[in-house]
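What follows is a single structure, written as structure tokens, with notes after it.
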Amino acid sequence: MKKKRGFSPKILCFLCKWCGYSAADLSGIQRIQYPPTIRAIEVVCSGMVHPNWVVNSLLSGLDGVMIFGCHLGQCHYGGGNELALKRKEVIEETLFDMGIDQRRFSIKWVSAAEGEQFANAVQEMTQFLKKLGPNTYSVKGPFSHIPPVYDARKISFIYSTNGKDYFWDGNIYEDNLSAHSAISRYLNEGFEAKLVPSKGKILIYTRRVPGKH
Ligand code: FES
């Protein structure tokens, strides 16, 4: 297990190319100091970042994930950052279900002229993760019992159909009987549920029905 002492977190940053990337670039040009804890991936828009990318990054042992996008109302594609904000809820809910501290993920809005704000956000996240300690999910995660062929990292946590997102319930069902009895329970509790065959086993994805909880 990683030791907390002298710990330097690894943070993955998705930078929207119009504002996030430009702000990061500007902070470099202005020689504003921030810790070398981030690895950056440029994306066209913050709305492009799929929730699975964030969840899988944290499942892979990264200590934090950040998305930097344009300020709300200033996305170059209209509402990409609004979509990112909606996905934040989805991501946080998934992380909560998996026992990963949701604060390991954050979204920040910056303009291309805000190099200092970018550097400050990285600094704050780094300090926070240092206090929180390493992401030990891979050591003690609730899915560690799943055999390698069903490696949780290879399972899609979100199943989308007809414009709705459903979330994996975290179980692998061996037969139709157990899957159908689980589905009945979910329906009784006010969830929608989808049964999805996978490699001879069954996965169930659920979705809260608005107004029923
Ligand atoms: Fe920057 Fe959409 S272009 S968030």
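Counting from 1, one number per residue, gives the positions in the sequence shown under the working numbering.
For glycine and all other residues, C-beta sits at the position ideal for the given N, C-alpha and C.
Alpha helix (DSSP H) containing residue 8: first to last residue?
Looking at the DSSP string, residue 8 is not in any alpha helix (DSSP H), and its letter there is neither H nor E.
Listed in chain order, which residues are found with a beta carbon closer than 6 Å to a heavy atom of the ligand FES?
16, 18, 19, 45, 46, 47, 69, 70, 75, 76, 77, 80 and 81
Sorted by chain position, which residues of the same chain lie with C-beta nearer than 7 Å to residue 35's C-beta, five sequence neighbours on each side aside?
122, 123 and 126
Look at residue 23 and residue 47 and say whether their C-beta atoms are less than 9 Å apart.
no
State the beta-bridge partners of residue 101 as determined by DSSP.
None; residue 101 has no bridge partner.
Measuring only the C-alpha atoms, how far is residue 132 from residue 53?
22 Å
Rounded separation between residue 112 and residue 40 - CA only:
16 Å
My understanding is that residue 118 touches residue 191, with C-beta atoms under 8 Å, so please give their C-beta distance in whole angstroms.
Not really, about 40 Å apart at Cβ, beyond 8 Å.
When burial is assigned at 16 or more other CB atoms within 10 Å of the CB, is residue 9 buried or exposed?
buried
Can you tell me whether residue 51 is buried or exposed, with buried defined as 16 or more other CB within 10 angstroms of its CB?
buried
8 Å contact criterion, which residue 208 and residue 164 should meet: CB distance rounded:
Between residue 164 and residue 208 the Cβ distance is about 11 Å, and since that is not below 8 Å, they are no contact.
According to DSSP, residues forming a beta bridge with residue 159
166
Strictly by DSSP, which residues pair up with residue 118?
None; residue 118 has no bridge partner.
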